[in-house]
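Everything in the sequence shown is counted per UniProt numbering, starting at 1 for the first residue and increasing by one.
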Amino acid sequence: MSPTMLTYINEESDVLANIILRHRQSLEEVSRFASQKTLRRILILATGSSLNAAFCARYFFERCGISIDIKEPYTFSHYENSDPQADMVIAISQSGKSASTLEAMRKVQAQGRPVFALTADPQSPLGKASDYPLDILTGIESVGFVTRGFSATVLNLLLIALLIARQQQRLPEPQVEEYVAQLQRIAATLPLVIVRTEAFIRQHRAVLQNGKRFVATGYGALVGVAKELETKFTETVRVPSSGFELEAYMHGPYLEANAGHVMFFFEDRPDARSRALREYMTPAVAKTFTLTLAKAAQDDQTLALDVAVDHHFSPLLLIVPVQLMAFHIASLKGIDLSVRIFDDFDRILKSKI
Numbered sequence: 001m002s003p004t005m006l007t008y009i010n011e012e013s014d015v016l017a018n019i020i021l022r023h024r025q026s027l028e029e030v031s032r033f034a035s036q037k038t039l040r041r042i043l044i045l046a047t048g049s050s051l052n053a054a055f056c057a058r059y060f061f062e063r064c065g066i067s068i069d070i071k072e073p074y075t076f077s078h079y080e081n082s083d084p085q086a087d088m089v090i091a092i093s094q095s096g097k098s099a100s101t102l103e104a105m106r107k108v109q110a111q112g113r114p115v116f117a118l119t120a121d122p123q124s125p126l127g128k129a130s131d132y133p134l135d136i137l138t139g140i141e142s143v144g145f146v147t148r149g150f151s152a153t154v155l156n157l158l159l160i161a162l163l164i165a166r167q168q169q170r171l172p173e174p175q176v177e178e179y180v181a182q183l184q185r186i187a188a189t190l191p192l193v194i195v196r197t198e199a200f201i202r203q204h205r206a207v208l209q210n211g212k213r214f215v216a217t218g219y220g221a222l223v224g225v226a227k228e229l230e231t232k233f234t235e236t237v238r239v240p241s242s243g244f245e246l247e248a249y250m251h252g253p254y255l256e257a258n259a260g261h262v263m264f265f266f267e268d269r270p271d272a273r274s275r276a277l278r279e280y281m282t283p284a285v286a287k288t289f290t291l292t293l294a295k296a297a298q299d300d301q302t303l304a305l306d307v308a309v310d311h312h313f314s315p316l317l318l319i320v321p322v323q324l325m326a327f328h329i330a331s332l333k334g335i336d337l338s339v340r341i342f343d344d345f346d347r348i349l350k351s352k353i
């Protein structure tokens, strides 16, 4: 039987646990690089879900004393100058076949600077052309709508930040070990997250099935989760879907709200600003939901996962409901995700190699 999105979502717990177990070896080149020079500024080149993964991880780098500059590869290649102050460059492509990311990487290399490639396929065009290929340890997903690979990319980025912080003594060793222990607990908790999310989807099946537009908000690291909802729902549910930073949504986008919209508010713990916005928007839309790591649900429209972790790690947990909803809502709307559409897109547009 061919794997589905659900197959890969259910594998995430074991896959993430394996990545944590092996990260000292799989990311050894990062530790070696960090032992040779001080790393204060990192440039990340990514698009699509890889870009969203970078958004999820960027503020943990900041927590570790590393400034992050995230660039869309095509724009970087054609319109921007490369920052000479960047101490390290990471290109991300799960397939390793993103034409724009490869082009951006070559622009950096032409200036005599090495590039790390974070990919599920070190033998891909991006992996082979990079100076330091880094395997995210998932293998290639045969389903085009990546889930396991997204979570693995976020985790690998978090571990890269930790390795640099450890190597350059930005964090005390007990703090590093506590962070690793938190990541291990997250991996072990994912099966329970899946069970709770599946029950939540069943409870709200009718609303989700009938949603005509989906909108998500998040803050901090959870902006990446909101943006990945936009990407994943657009790919699978195939109705208009958007993800916004919480405050950015309040500066104009709220004006489009109508009775056909379903809204999701992501939080790692009870957040007064997010809850005030949800309360205000509830009368204007079909339904508002809160997805939180808090212990107790505030109402029937809240999925409370009851997991206490550092804010910077919360995307690893809250992305799972996004992935499950994308799969199940598509099914509820009668979309067969095993049937490829626009099958000649990459060949004609040359977006993938």
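Positions of the beta carbon are idealized from the N, C-alpha and C atoms, including for glycine. All figures in this text were calculated on a predicted structure; none of them were measured in a lab.
Residue i classed as buried or exposed, judged by whether at least 16 other C-beta atoms fall within 10 angstroms
i	result
L227	The question names Leu, but residue 227 in the sequence shown is Lys. It is buried - the Cβ of K227 has at least 16 other Cβ atoms within 10 Å.
T153	buried
D268	buried
A199	exposed
H78	exposed
R185	exposed
A206	exposed
F289	buried
Y219	buried
D14	exposed
S35	exposed
F244	buried
G112	exposed
K71	buried
H251	exposed
T75	exposed
P133	buried
V211	With the sequence shown as reference, residue 211 is identified as Gly, and Val is not the correct amino acid for it. Counting Cβ neighbours within 10 Å, G211 comes out buried, since at least 16 surround it.
T47	buried
Own chain residues within Cβ distance below 6 Å of residue i, not counting five before or after
i	result
H23	L159
Q85	R41
Y249	T217
G65	R170
F145	M5, E235, T236
S2	none
M88	L39, I42
D306	K295
Residues that residue i bridges to, as DSSP identifies them
i	result
V176	According to DSSP, V176 bridges with nothing at all.
T302	T290
M263	V215, T288
Helix, strand or coil at residue i according to DSSP, with G and I counted as helix
i	result
H251	coil
R213	strand
S13	helix
S242	strand
K333	coil
K352	strand
F342	coil
L229	helix
H204	coil
A296	coil
N258	coil
M1	coil
S314	coil
L324	helix
V309	coil
Close beta carbons around residue i, own chain, < 7 Å, minus the five adjacent residues each side
i	result
A304	T292, A294, K295, A296, A297
F61	I42, I68, A161
N52	G224, K227, E228, T231
E103	P73, S77
Y8	E141, V143, T147, R148
P125	G96, K97, L102, I353
Y59	G220, A221, H312
Contact set for residue i: own chain, Cβ-Cβ below 8 Å, skip 5 residues either direction
i	result
K352	S95, K97, S98, A99, D346
Q182	V309, D310, F313
E256	none
D83	R41, L43, D69
Cβ of residue i within 8 Å of any chain B Cβ
i	result
G224	The structure shown contains no chain B, having only a single protein chain.
The ligand ZN heavy atom lying under 7 Å from the CB of residue i
i	result
E228	Because no ligand of any kind appears in the structure shown, any question about the ligand ZN cannot be addressed here.
Note to self: Please give me, in chain order, every unbroken run of the beta strand (DSSP E) with length at least 3 that falls completely inside the UniProt domain "SIS" (29-170).
What the structure shows: Those beta strand (DSSP E) runs which fall completely within the UniProt domain "SIS" (29-170) and span 3+ residues are 41-45, 67-71, 88-92, 116-119, 132-135.
Note to self: To test your reading of the DSSP string, which unbroken alpha helix (DSSP H) runs of 4 or more residues are found completely within the segment 269-294?
What the structure shows: List check, alpha helix (DSSP H) in window: 272-281.
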